[in-house]
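Everything on this sheet refers to the single structure shown next.
In the working numbering, the protein residues as written are 137 to 474.
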């Protein structure tokens, strides 16, 4: 039984690490905003032959003030079956009543736009294709705002974003679908060792291999709350950053909003803990529990969308007994390399 500020409640225990000098958690205060997001969301399962899992938790900075979390994740598959689309969005905290709506709209419209990408387009010009997807999503949010949310401005719906395209495995009998051996029907070389990522703002994309992280985009050097770009915007191509995602030897590809990205960059104990949790495909409950660590100074929303590109379609969550967590969650791993 926990007692906080006159309230008593029960919570499930967790083995997630606690790092630094930590105060008691505040009583979580819910928001009465009708468009608020659920405080916790999680998924885990197979999508088109690739195991993915995701979780999002509202940060204590929102819970102490009774405002909505503003992180959103989405995923889909391209219509030609060549690629998996992963998206995370983070609404700007300066718009506590509306930014989560912008994040939801942007993530959904981006998935819709990205679903029309073909493997051949990605093979020829990945940067241009993904920047065009960001632009299409931004325009769709602007049109939605004008049609439905006329009293709001673009900045009321402002959100940062990271989007990743990963090649999907093709069955052997499909690999030569357009007459070329080893070519996916959508135009992607079978066994392609690269994904592609774009972002606007400070969301990030990591890869995990044997407990070691790499990152598609470098850590931001400025203040944590300084946003360098967001959508919707009229000049998306100027704001968008592109990076290839090398998949050779990679166990997991991880998209995060800035709250979790900062912890991965700055905290060895968080890196070790999450590496132990995500070294194998995991289910929704395990995915959510992985974000329950506590770290001094970590108060933002936490969102992670993870794909295991080499996991088979028959993969299933591995039991805790078969894959124990590392004994020392505070053991250091090297800082993710750019």
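Positions of the beta carbon are idealized from the N, C-alpha and C atoms, including for glycine.
The model shown is predicted, which means the values in this text are computed figures rather than measured ones.
Could you please give the first and the last residue of the uninterrupted alpha helix (DSSP H) stretch that includes residue i?
| i | result |
| --- | --- |
| residue 394 | 394-402 |
| residue 258 | 255-260 |
| residue 335 | Unbroken run through residue 335 is the beta strand (DSSP E), 330-336; no alpha helix (DSSP H). |
| residue 375 | 372-375 |
| residue 199 | 196-199 |
Leaving aside the five residues before and after residue i along the sequence, list all residues of the same chain whose C-beta is less than 7 Å from its C-beta, in chain order.
| i | result |
| --- | --- |
| residue 167 | 202, 203 and 204 |
| residue 353 | 335, 340, 341, 377 and 379 |
| residue 537 | The shown model of the chain, from 137 to 474, leaves out residue 537, and the question about it has no answer. |
| residue 288 | 234 and 281 |
Do residue j and residue i have their beta-carbon atoms positioned less than 8 Å apart in this structure?
| i | j | result |
| --- | --- | --- |
| residue 342 | residue 400 | yes |
| residue 435 | residue 380 | no |
| residue 152 | residue 428 | yes |
| residue 363 | residue 297 | no |
| residue 367 | residue 269 | no |
| residue 385 | residue 305 | no |
| residue 214 | residue 259 | no |
| residue 242 | residue 195 | no |
| residue 155 | residue 403 | yes |
| residue 271 | residue 373 | yes |
Tell me the rounded alpha-carbon separation between residue i and residue j.
| i | j | result |
| --- | --- | --- |
| residue 350 | residue 209 | 21 Å |
| residue 207 | residue 396 | 11 Å |
| residue 218 | residue 442 | 18 Å |
| residue 365 | residue 431 | 27 Å |
| residue 245 | residue 142 | 44 Å |
| residue 172 | residue 393 | 18 Å |
| residue 448 | residue 417 | Reliability fails at residue 448, whose pLDDT of 49 lies under 50, so the model's placement of it is uncertain and the value that follows must be treated cautiously. If I take the Cα positions, the gap works out to 10 Å. |
| residue 157 | residue 356 | 25 Å |
| residue 231 | residue 175 | 17 Å |
Who are the near neighbours of residue i in its chain, counting only those whose CB is closer than 8 Å to its CB and skipping five residues on each side?
| i | result |
| --- | --- |
| residue 383 | 302, 303, 328, 329, 330, 331, 343, 389 and 445 |
| residue 252 | 214 and 215 |
Name the two residues that bound the continuous beta strand (DSSP E) containing residue i.
| i | result |
| --- | --- |
| residue 210 | 207-213 |
| residue 364 | Looking at the DSSP string, residue 364 is not in any beta strand (DSSP E), and its letter there is neither H nor E. |
| residue 436 | Taken as a continuous stretch (DSSP letters only), residue 436 belongs to no beta strand (DSSP E), as it is neither H nor E. |
Using a Cβ-Cβ cut-off of 6 Å (strictly less than) and excluding sequence neighbours within five positions of residue i, which residues of its own chain qualify?
| i | result |
| --- | --- |
| residue 413 | 426 |
| residue 290 | 368 |
| residue 333 | 300, 341, 352, 379 and 381 |
| residue 262 | 332 |
Helix, strand or coil for residue i? Go by DSSP, reduced to three states.
| i | result |
| --- | --- |
| residue 345 | strand |
| residue 151 | coil |
| residue 245 | helix |
| residue 163 | coil |
| residue 424 | helix |
| residue 410 | helix |
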